[in-house]
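Reading through the structure tokens given below for one structure.
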Amino acid sequence: MDLIILNNQVRRFSPLECERLQTLPDNYTDGVSNTQRYKMLGNAFTIDVIAHILSYMIETHTDINVSDKSIYSYTYEDNQVSLSN
């Protein structure tokens with residue numbers, strides 16, 4: 251469970267904040283209980299999040315042998331992913 255501490259008070263992330271952290275549209279999981287929303291968001295992964303994580307892994311681990319260098323950057327527009335050097 252993710253918590254936010256603000257002015258010495260603790261609160262949970264809202265489902266909307268979780269959607270934004272996952273780079274999903276606002277209220278993408280609306281229509282089900284908050285419990286189900288948290289489960290869906292916790293089990294989800296998105297291209298933007300994975301690409302961000304992988305970009306740091308590749309930068310910090312120069313010993314990784316990647317035969318296709320095109321994975322170093324990407325663009326995501328109109329539900330299409332483009333990989334380039």
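Using our numbering, you'd call the opening residue of the sequence shown number 251 and step up by one each time. Yeah, the Cβ is synthetic: ideal placement off N, Cα and C, and Gly gets one too. All values reported here derive from a predicted model rather than from experimental measurement.
Going by Cα to Cα distance, which pick from 287, 270 and 262 is closest to residue 279?
By 1-based counting over the sequence shown, the position of residue 279 is 29. With distances taken between Cα atoms, residue 279 lies closest to 287.
Would you call residue 275 buried or exposed, if buried means 16 or more other Cβ atoms sit within 10 Å of its Cβ?
For this step, residue 275 is matched to residue 25 along the sequence shown. Classification for residue 275: exposed.
Whole angstroms is fine: what's the gap from residue 296's alpha carbon to residue 259's?
Taking the sequence shown and counting its residues from 1, one reaches residue 296 at position 46. Taking the sequence shown and counting its residues from 1, one reaches residue 259 at position 9. C-alpha separation (whole angstroms): 30 Å.
Quick check on the burial criterion: 16 or more other C-beta atoms within 10 angstroms. Buried or exposed for residue 269?
Your numbering for residue 269 matches position 19 in the sequence shown. Classification for residue 269: buried.
Start-to-end residues for the alpha helix (DSSP H) that takes in residue 286
Start at 1 with the first residue of the sequence shown, and residue 286 comes out as number 36. From DSSP, the alpha helix (DSSP H) with residue 286 extends over 284 to 292.
Between which two residues does the alpha helix (DSSP H) harbouring residue 265 extend?
The residue labelled residue 265 in the question sits at position 15 within the sequence shown. First-last of the alpha helix (DSSP H) with residue 265: 265 to 271.
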